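Number of protein chains: 2
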Amino acid sequence: MNTVRLGIIGYGAQGGLYARLITEDRVPGMSVGAICDNDPEKVAKITEDHPDTPVYSDYKELLASGDVDAVVTTVPHYLHPEMAIAAIDAGLHTLVDKPAGVYTSQVQEMNDFAAAHPDVTFALMFNQRANPLYQRIKEIVEAGEIGAIRRSNWIITTWWRPMAYYKQSDWRATWGGEGGGVLVNQVPHQLDLWQWICGVPQSVYSKVAYGFRRDIAVEDEVTALVDYGNGATGVLITAVHDVIGTDRFEILGDKGKIVVEGSKTATVTRLTKDEREISDTMTGPEVRELFKGNLDTTELYTTETLEYNRPWGQQHASVLENFAAHILDGTPLIAPGSDGMTGVRLANAIHLSSWLGREVPIDFDQSEYLQLLNERIRAEGKFPEREA
Amino acid sequence: MNTVRLGIIGYGAQGGLYARLITEDRVPGMSVGAICDNDPEKVAKITEDHPDTPVYSDYKELLASGDVDAVVTTVPHYLHPEMAIAAIDAGLHTLVDKPAGVYTSQVQEMNDFAAAHPDVTFALMFNQRANPLYQRIKEIVEAGEIGAIRRSNWIITTWWRPMAYYKQSDWRATWGGEGGGVLVNQVPHQLDLWQWICGVPQSVYSKVAYGFRRDIAVEDEVTALVDYGNGATGVLITAVHDVIGTDRFEILGDKGKIVVEGSKTATVTRLTKDEREISDTMTGPEVRELFKGNLDTTELYTTETLEYNRPWGQQHASVLENFAAHILDGTPLIAPGSDGMTGVRLANAIHLSSWLGREVPIDFDQSEYLQLLNERIRAEGKFPEREA
């Protein structure tokens, strides 16, 4: 195989973008094999946009068609695990859009099924992992250049969504159709990057606002305070109602600090010694000079500024290219499919903490989460309850 | 009276600064009437620095001396209420350094006593309230220019303190002598400004690290997540172990946003309309253009940059001058003494939440707080327990 023929399941904004990126030759090693959508209007749009491409309205027919070697699922989040399992079962390489699913037990089922089919490539569309800025930051942290992480703080409120966005479709911003708000739709990118770079926390306490500034049932603002169990803590704040929007990610380590602004620039400060050593060896007289403003602390560190600017679509093209390369020659995946669990688990823990009004462990009771989610689906009365 | 003769109780760094500001004629309407310290070395230093000024080693002798019209207390925090009550009882105007005290019941006793003596001026040294930047921000918020506050977030880690700082004196960074760490010593400024500008929260959840990066019994890092009871939330993060330090305060309102950097510059964004109205009136086609990056959102707001740079000592001189002016001609106080309660109460609530591992109301059980504080004082074994 020289080219991976991709089947795109779901022709919304993302599905349309992926088709365009591939047909514009921005994804080496990949062609569009077929496109599927169960909405007749979308099917007509596919035919109009891509007249030479086979079109399906039932994804199972696409899987059985022989037109494709791989699929990407850009469908409502609840459906990702079910479709991924069907695709893997059909022997097709599978790229799942984020989030991997809505609740952990369905993601676990998908991950277990994929693990039992190691010949099939299973990956996630975490396009922001393809941002060279975050790749570089991960390298710096993993190399120990800023020492052990003591605190991280991400304010990510650039996800401004006007009300008309939520009125686009019936499943949007519902418990039964989408499974949540900003936590399952917009911020999975940051839930992934945060844990990819800073690690997985042990427990979570949250304040989550449901229908706070939008007429929706699900969350539109979140503050999560996490504990890594080793003294380190972290805070993530996100919201859909900040027109201007802040994207500021700060990581403090024993030997330095990284401040990322706008996902484009990062200021990396590297201490000459471990902070505790600097603290312990500074004398009383030096401290007095410090307080008088007479001590030049800039000798204690160096500062580097990183700047990258990769267009949004280019990140997605990179993940598609990487997915194809893994299939074709075994290139390591940017985001293996099983990595999708950490983001879904953290999103669930944030919901759960707010529902229970207390801190919850990251390995919370999955059946309790699903029960409380189903209570909300039942109260909403629009979609069926979900099964473990 | 044309000039207020100030008695300075405590000749440490702050007492020395205030004496210097006044004797250098930087405080109109005020002279140094006497200085007191119970440490013989400090008494010698006073005599050396201010040879013409009466010196006392017992503050009660200073209060009875007739040398002063007013006092300022720059002593270990536990002593503030006791000394303020004695000074007010002696008919002297009283300026208390921050924090007003260590636990709320002692501050309440002081406030009640002062309220019963309305002829005596009772004020607090919240010097950062004299920063014109924060004064301007308070005006903007109170005038409703950014609408109802929905979220605030202050990262204030510029309080770097090397270990030698803590070794300066026996009471420093102990439960019995100081009553806490960064919450009672450094961050009372921000605990005051935050509530002065954004209001008093209804409940608090915290993660507090005790002796995390310093060999001390008390807290050296704090994350507090507060709830205002109306959907609004706030986060404050502080630490003493960040060499570089961040000071970034963000306030999001319905009609705008303020971001303060380094307590020196502020970016004030004012929306042309309430955010919810912008959200509700934007059409589906406009939202699609927004997502394609074709919608010019800069038409939705204006941006103003504020910049002030007032030297540290000048803020203290301003509060001293204001204290004198209030005594001499009734000029409104920048920080009335009773305002000290909000900061102490929030600091106590942050401690208490971390000790109990759960959210606590801002009107927590004061006796429970004191009991848990005394447990720590007892375990430390260096100082007497405290009474309600």
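Listed in order, the protein sequences are those of chains A and B.
Per numbering that gives the first Met the number 0: the first sequence = residues 0 to 387.
Per numbering that gives the first Met the number 0: the second sequence = residues 0 to 387.
Don't be surprised by glycine CBs; every beta carbon is placed ideally from N, CA and C.
Treat the numbers as computed from the prediction; the structure is a model and nothing was measured.
* Asked: When Cβ atoms are compared, which residues of the segment 136 to 170 of chain A fall closer than 9 Å to chain B?
  -> Per Cβ criterion, the list reads 149, 150, 152, 154, 156, 159, 160, 161, 162, 163, 164, 166 and 167.
* To do: Report the three-state DSSP secondary structure of residue 166 (chain B) (helix, strand or coil).
  => The three-state secondary structure of residue 166 (chain B), taken from DSSP, is coil.
* **Every unbroken beta strand (DSSP E) within the segment 188 to 244 of chain A, with a cutoff of 3 residues, ordered by chain** => Look at the segment 188 to 244 of chain A and you find these whole runs of beta strand (DSSP E), each 3 residues long or longer: 202 to 209, 218 to 226 and 232 to 238.
* To do: Note down, one range per segment and in chain order, each beta strand (DSSP E) of at least 3 residues found wholly within the segment 17 to 98 of chain B.
  => Along the segment 17 to 98 of chain B, the beta strand (DSSP E) occurs as fully enclosed runs of 3 or more residues at 29 to 35, 69 to 72 and 92 to 96, listed in sequence order.
* Based on the DSSP secondary-structure assignment, which residues constitute the bridge partners of residue 335 (chain B)? -> Residue 335 (chain B) is bridged to B:122.
* Please check if any C-beta of chain B sits within less than 8 Å of the C-beta of residue 350 (chain A). => The C-beta of residue 350 (chain A) comes no closer than 8 Å to any C-beta of chain B.
* To do: Please check if any C-beta of chain B sits within less than 8 Å of the C-beta of residue 24 (chain A).
  => Judged by the 8 Å Cβ criterion, residue 24 (chain A) is not in contact with chain B.
* Helix, strand or coil for residue 324 (chain A), going by three-state DSSP, please let me know. => Three-state DSSP puts residue 324 (chain A) in a helix.
* Asked: So what's residue 10 (chain B) in DSSP terms, helix, strand or just coil?
  -> In this structure, residue 10 (chain B) counts as coil in the three-state DSSP scheme.
* Asked: Where residue 36 (chain B) and residue 181 (chain B) are concerned, what is the direct C-alpha to C-alpha distance, given to the nearest angstrom?
  -> Cα to Cα, residue 36 (chain B) sits roughly 25 Å from residue 181 (chain B).
* Asked: Would you report the Cα separation of residue 324 (chain B) and residue 128 (chain A), rounded to the nearest angstrom?
  -> Distance between the alpha carbons of residue 324 (chain B) and residue 128 (chain A) is about 60 Å.
* To do: Taking a Cβ distance cut-off of 7 Å, strictly less, list which residues of the segment 264 to 279 of chain A are near chain B, in chain order.
  => Within the segment 264 to 279 of chain A, the residues whose Cβ lies closer than 7 Å to some Cβ of chain B are 268, 270, 274, 275, 277, 278 and 279, listed in chain order.
* To do: Under the assumption that residue 199 (chain B) contacts residue 361 (chain B) (Cβ atoms under 8 Å), give the Cβ distance between them as a whole number of angstroms.
  => Yes, residue 199 (chain B) and residue 361 (chain B) are in contact; Cβ-Cβ is about 6 Å, under 8 Å.
* To do: List the residues of chain A that residue 226 (chain B) touches, going by C-beta distances under 7 Å, in chain order.
  => The contacting residues are 206.
* Report all residues from its chain with a CB closer than 7 Å to the CB of residue 354 (chain B); omit the five preceding and five following residues, and keep chain order. => Close CB contacts of residue 354 (chain B) within its chain, under the 7 Å cut and outside five residues either way in sequence, are with 371 (chain order).
* Residues in the segment 277 to 300 of chain B having any Cβ partner in chain A nearer than 8 Å -> Cβ contacts with chain A come from 277, 278, 279, 281, 282, 283, 285, 286, 289, 290, 296, 299 and 300.
* Output yes or no for whether 8 Å exceeds the beta carbon distance between residue 294 (chain A) and residue 150 (chain A). => It is not a contact, given that the beta carbons lie outside the stated cut-off.
* To do: Taking residue 156 (chain B) as the reference, give the member of B:143, B:187 and B:314 with the closest Cα.
  => Per the Cα distances, B:187.
* Asked: Are residue 439 (chain B) and residue 257 (chain A) closer than 8 Å when you measure CB to CB?
  -> The question about residue 439 (chain B) has no answer here: the residues shown for chain B are numbered 0 through 387.
* Under the three-state reduction of DSSP, which class applies to residue 154 (chain A): helix, strand or coil? -> DSSP places residue 154 (chain A) in strand when its eight states are reduced to three.
* Mind checking who residue 264 (chain A) pairs with in its DSSP beta bridge? => Secondary-structure assignment with DSSP links residue 264 (chain A) through a beta bridge to A:260 and A:306.
* Asked: Does residue 173 (chain B) get closer than 8 Å to chain A when you measure Cβ to Cβ?
  -> It does not: the Cβ of residue 173 (chain B) has no partner Cβ on chain A nearer than 8 Å.
* With DSSP collapsed to three states, give me the class of residue 112 (chain A). => Three-state DSSP puts residue 112 (chain A) in a helix.
* Between the C-alpha atoms of residue 315 (chain A) and residue 298 (chain B), what's the straight-line distance to the nearest angstrom? -> Those two C-alpha atoms are separated by around 30 Å.
* Note down the Cα distance separating residue 329 (chain A) from residue 108 (chain A), rounded to an integer number of angstroms. => Distance between the alpha carbons of residue 329 (chain A) and residue 108 (chain A): 25 Å.
* Could you tell me how far apart the beta carbons of residue 146 (chain B) and residue 75 (chain B) are, in whole angstroms, since I believe they sit closer than 8 Å? => Not a contact, Cβ separation roughly 42 Å.
* Asked: Given 8 Å as the limit, is there contact between the segment 219 to 230 of chain B and the segment 109 to 117 of chain B, that is, 3 or more CB pairs closer than that?
  -> No contact exists between the segment 219 to 230 of chain B and the segment 109 to 117 of chain B.
* Within chain B, the residues that residue 236 (chain A) reaches when beta carbons sit closer than 8 Å -> Those are 150, 152 and 234, listed as they occur along chain B.
* Name the DSSP beta bridge partners of residue 359 (chain A), please? -> Answer is A:203, bridged to residue 359 (chain A).
* Asked: Does DSSP put residue 377 (chain A) in a helix, in a strand, or in coil?
  -> Of the three classes helix, strand and coil, the one that applies to residue 377 (chain A) here is helix, per DSSP.
* Evaluate the contact criterion for the segment 280 to 287 of chain A versus the segment 78 to 98 of chain A: three or more CB pairs, one atom per stretch, below 8 Å. => No, they do not touch.
* Is the CB of residue 363 (chain A) under 8 Å away from at least one CB in chain B? -> The Cβ of residue 363 (chain A) sits no closer than 8 Å to any Cβ of chain B.
* Relative to the C-alpha of residue 84 (chain A), which residue among A:102, A:119 and A:97 is closest? -> Looking from the CA of residue 84 (chain A), the closest CA among A:102, A:119 and A:97 belongs to A:119.
* Of the residues that make up the segment 41 to 63 of chain A, which ones have a beta carbon closer than 8 Å to any beta carbon in chain B? -> Residues passing the 8 Å Cβ filter: none.
* **Cβ contact (3+ pairs, closer than 8 Å) linking the segment 58 to 74 of chain B and the segment 97 to 104 of chain B** => Note that the segment 58 to 74 of chain B does not touch the segment 97 to 104 of chain B; fewer than 3 beta-carbon pairs, one per stretch, sit closer than 8 Å.
* Using the Cα positions of residue 308 (chain A) and residue 140 (chain A), report the straight-line distance between them to the nearest angstrom. => Each residue's Cα considered, the two are about 21 Å apart.
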